[in-house]
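Colleague:
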Amino acid sequence: MKQKRILPFLLAAALLLGLAGCGGDSSDSSSLPEEEPENLEYPVSIGDETIPARPEKVVSLSPALTELCFDMGYGERLTGVSDYCDWPEQVQDLPRMGTAQQPDLDAVRADKPDVVITHTDLSENDLIALQQADIPVVVLSRARLPEDLKDLYVNLGRLFEGEQAGSEAGKAFYNEQMGRVESIQEKVEAYIRGGGKQLSAVYLRMLDFTVATGDTFEGAMLETIGFENVAGAYGGWTYPLDFISQYDPDVIFCNEDITIPMLEQNANYKGLQATIHDIVYSYDFTAFERQGKRMFDMLEDMAKKAYPDAFADMSGTQEASSEAAQ
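All residue numbers for the sequence shown refer to my numbering, where the first residue is 9 and numbers rise by one.
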């Protein structure tokens with residue numbers, strides 16, 4: 009009789025212990041800390057530097073990179089710029105911090121940026137001074153060829169947005185701008201296939217023969233938008249004097265400080281057909297150095313002025329061919 013009474017009691021005790029054990033496991037599990045999601049964007053390595061996290065404060069010691077930052081939507085994170093930064097207008101309100109050649113180290117250190125960006129290397133002493141202040145310096149070199157622009161844009165995007173998002177942003181910016189170039193190419197090529205003349209051109213940086221030769225980024229871009237570069241066979245920004253007799257471009261593109269009256273008074277230019285017929289277009293060619301949106305705006309304008317019929321509205325009455333295209 010006693011065994012019959014003990015057995016139900018033991019079964020009830022075992023059941024209670026089992027329920028208590030289950031409750032204890034649930035309590036222990038809920039007290040464990042939640043794992044943070046893995047950061048797939050940072051760190052980012054560019055050149056010799058590694059950026060551990062998204063930079064919120066950036067100092068740019070390059071007018072070109074400053075302009076690109078605003079073009080790509082990162083301007084609000086700039087907390088200081090070089091003495092020569094002048095575009096866009098928003099940079100006028102930002103603190104000046106010297107140049108890559110002579111950075112204002114005190115101003116940079118006081119700002120405590122997450123990173124300093126520049127187009128060119130700092131001196132060894134300046135670099136060490138910033139490294140000692142735990143401020144990384146990232147060098148993003150100027151594109152030497154049109155195809156190098158993609159790397160420039162992607163690396164700038166990676167720095168500001170991280171590995172994946174930044175790469176995509178840089179590629180999108182590159183595709184958008186080069187898409188504009190491809191549109192220019194298509195229109196000019198269609199015009200030439202239709203019987204129009206391909207124009208020869210020169211980009212004159214300084215009188216008399218400092219021009220964009222075939223080994224320059226500027227010369228390559230000139231050819232990319234449909235011109236035959238008169239100086240394309242030469243290098244070092246110099247047209248050789250031995251071949252002056254062959255120097256007679258259909259179109260002259262020049263720095264804005266070179267005027268038609270200056271060319272008309274110059275012995276080497278006054279007899280050229282482009283000078284005689286005022287087929288001379290002046291631009292602020294710092295846009296070539298900055299390699300941002302302004303450069304593509306300028307390239308589009310250059311092609312439209314030299315090849316007006318290629319860009320005429322085909323649904324309307326086309327304008328008469330320009331003297332440059334005859």
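Where a beta carbon is used, it is the ideal one built from N, C-alpha and C, also for glycine. Predicted, not measured: the structure shown is a model, and the values here were computed from it.
Using three-state DSSP, classify C93 as helix, strand or coil.
Modeller: In the sequence shown, the residue the question calls residue 93 occupies position 85. Reduced to three states, the DSSP call for C93 is coil.
Colleague: Taking 6 Å as the limit between beta carbons, can you name the residues of its chain near A177, skipping five residues before and five after?
Modeller: For this step, residue 177 is matched to residue 169 along the sequence shown. Closer than 6 Å at Cβ, skipping near neighbours: G165 and E169.
Colleague: Taking the alpha carbon of A198 as the point to measure from, which residue in P257, S53, D317 and M303 has its own alpha carbon closest?
Modeller: Residue 198 sits at position 190 when you count from the first residue of the sequence shown. Taking only the C-alpha atoms, the option nearest A198 is D317.
Colleague: Round the Cβ separation of L212 and F251 to the nearest angstrom and send it over; I've been treating them as touching at under 8 Å.
Modeller: Along the sequence shown, one-based indexing puts residue 212 at 204. Along the sequence shown, one-based indexing puts residue 251 at 243. Contact between L212 and F251 does not hold, since their C-beta atoms are separated by about 16 Å, which reaches or exceeds 8 Å.
Colleague: Which residue marks the beginning of the alpha helix (DSSP H) containing M214, and which one marks its end?
Modeller: Here residue 214 refers to the residue found at position 206 of the sequence shown. Per DSSP, M214 belongs to no alpha helix (DSSP H); it is in the beta strand (DSSP E), S208 to M214.
Colleague: Compare the beta carbon distance of L230 and A241 with 8 Å and say whether it is the shorter of the two.
Modeller: Looking up residue 230 in the sequence shown gives position 222. Looking up residue 241 in the sequence shown gives position 233. Result no, Cβ atoms of L230 and A241 do not sit closer than 8 Å.
Colleague: Please say whether E264 and S290 have beta carbons closer to each other than 8 Å?
Modeller: Here residue 290 refers to the residue found at position 282 when the sequence shown is read from its first residue. Here residue 264 refers to the residue found at position 256 when the sequence shown is read from its first residue. Yes, they are a contact pair.
Colleague: Given this structure, state the Cα-to-Cα distance separating G55 from R201, to the nearest angstrom.
Modeller: For this step, residue 55 is matched to residue 47 along the sequence shown. For this step, residue 201 is matched to residue 193 along the sequence shown. Taking the straight line from one Cα to the other gives about 45 Å.
Colleague: Could you please give me the residues that DSSP links to V147 through a beta bridge?
Modeller: As a first step, residue 147 must be located in the sequence shown, where it is residue number 139. Beta-bridge pairing links V147 to T126.
Colleague: Assuming Q193 contacts I233 under a Cβ cut-off of 8 Å, what Cβ separation, rounded to an integer in Å, is found between them?
Modeller: Along the sequence shown, read from residue 1 onward, the residue named residue 193 stands at position 185. Along the sequence shown, read from residue 1 onward, the residue named residue 233 stands at position 225. The Cβ separation is near 7 Å, so the contact holds.
Colleague: Enumerate in chain order the residues of its own chain whose CB-to-CB distance from L249 is below 8 Å, with the five nearest sequence positions on each side excluded.
Modeller: Numbered from 1 along the sequence shown, position 241 holds the residue referred to as residue 249. Same-chain partners within the cutoff: F217.
Colleague: Assign A20 to one of two classes, buried (16 or more other C-beta atoms within 10 Å of its C-beta) or exposed (fewer than that).
Modeller: Residue mapping note: residue 20 aligns to position 12 of the sequence shown, counting from 1. Unreliable positioning characterises A20 in this predicted model, as indicated by a pLDDT of 46, which lies under 50. The coordinate reading is nonetheless provided below. By the 10 Å Cβ count, A20 comes out exposed.
Colleague: Output needed for G83: all residues of its chain with C-beta closer than 7 Å, excluding positions within five of it in sequence on either side, in chain order.
Modeller: Looking up residue 83 in the sequence shown gives position 75. Cβ within range, chain order: C77 and Q98.
Colleague: Buried or exposed: I14, going by 16 or more other Cβ atoms within 10 Å of its Cβ?
Modeller: Residue 14 sits at position 6 when you count from the first residue of the sequence shown. Low confidence applies here, because I14 scores a pLDDT of 45, under 50, leaving its location unreliable and the question unanswered by this model.
Colleague: What span of residues does the alpha helix (DSSP H) with V116 cover, start to end?
Modeller: On the sequence shown, residue 116 is found 108 positions in, with the first residue counted as 1. First-last of the alpha helix (DSSP H) with V116: L113 to D119.
Colleague: Taking 6 Å as the limit between beta carbons, can you name the residues of its chain near K278, skipping five residues before and five after?
Modeller: For the purposes of this step, residue 278 is taken as the residue at position 270 of the sequence shown. Answer for K278: E272, listed in chain order.
Colleague: Using DSSP's beta-bridge definition, name the partner residues of Y291.
Modeller: The residue labelled residue 291 in the question sits at position 283 within the sequence shown. Per DSSP, N263.
Colleague: Spatial neighbours of T126 within its chain, please: CB distance less than 8 Å, with the 5 preceding and 5 following residues excluded, ordered by chain position.
Modeller: Looking up residue 126 in the sequence shown gives position 118. The answer, listed in chain order, is S68, L69, S70, L73, A108, V145, V146, V147 and L148.
Colleague: Applying the criterion that 16 or more other CB atoms from any shown protein chain within 10 Å of the CB defines a buried residue, is A209 buried or exposed?
Modeller: Working through the sequence shown from its first residue, we reach residue 209 at position 201. A209 is buried by the Cβ-count criterion.
Colleague: Exposed or buried, what is L153 when buried is set at 16 or more other beta-carbons lying within 10 Å of its beta-carbon?
Modeller: Taking the sequence shown and counting its residues from 1, one reaches residue 153 at position 145. With fewer than 16 Cβ atoms within 10 Å of its Cβ, L153 is classed as exposed.
Colleague: Give the range of the alpha helix (DSSP H) segment to which V189 is assigned.
Modeller: Locating residue 189 in the sequence shown gives position 181, where the first residue counts as 1. It spans E171 to R201 - the alpha helix (DSSP H) in which V189 sits, taken as one unbroken run.
Colleague: Is it true that the CB of I287 sits closer than 8 Å to the CB of V259?
Modeller: Along the sequence shown, read from residue 1 onward, the residue named residue 259 stands at position 251. Along the sequence shown, read from residue 1 onward, the residue named residue 287 stands at position 279. Yes; because the gap between Cβ atoms is below 8 Å, this pair is in contact.
Colleague: Between which two residues does the alpha helix (DSSP H) harbouring E231 extend?
Modeller: Position 223 of the sequence shown, counting from 1, holds the residue named residue 231. E231 -> alpha helix (DSSP H) spans F225 to T232.
Colleague: Roughly how far, in whole angstroms, is the beta-carbon of E49 from the beta-carbon of E171, given that I think they are within contact range, below 8 Å?
Modeller: Here residue 49 corresponds to residue number 41 of the sequence shown, with the count starting at 1. Here residue 171 corresponds to residue number 163 of the sequence shown, with the count starting at 1. Correct: roughly 5 Å between the Cβ atoms.
Colleague: On the CB-based measure, 16 or more other CB atoms within 10 Å of its CB, does D292 come out buried or exposed?
Modeller: Counted from its first residue, the sequence shown places residue 292 at position 284. Counting Cβ neighbours within 10 Å, D292 comes out exposed, since fewer than 16 surround it.
Colleague: Mapping DSSP to helix, strand and coil, what is T221?
Modeller: Translated into the one-based positions of the sequence shown, residue 221 becomes position 213. If DSSP states are grouped into helix, strand and coil, T221 belongs with coil.
Colleague: Compare the Cα-Cα distances from V116 to each of D91, T128, W245 and F304 and report the closest residue.
Modeller: Taking the first residue of the sequence shown as position 1, residue 116 is located at position 108. Taking only the C-alpha atoms, the option nearest V116 is D91.
Colleague: Among the candidates K312, L167 and R302, whose CA atom is the shortest distance from the CA of K195?
Modeller: Against the sequence shown, residue 195 aligns to sequence position 187. Nearest of K312, L167 and R302 to K195, Cα basis: K312.
Colleague: Between the C-alpha atoms of F225 and A151, what's the straight-line distance to the nearest angstrom?
Modeller: Working through the sequence shown from its first residue, we reach residue 225 at position 217. Working through the sequence shown from its first residue, we reach residue 151 at position 143. For F225 and A151, the distance between alpha carbons rounds to 8 Å.
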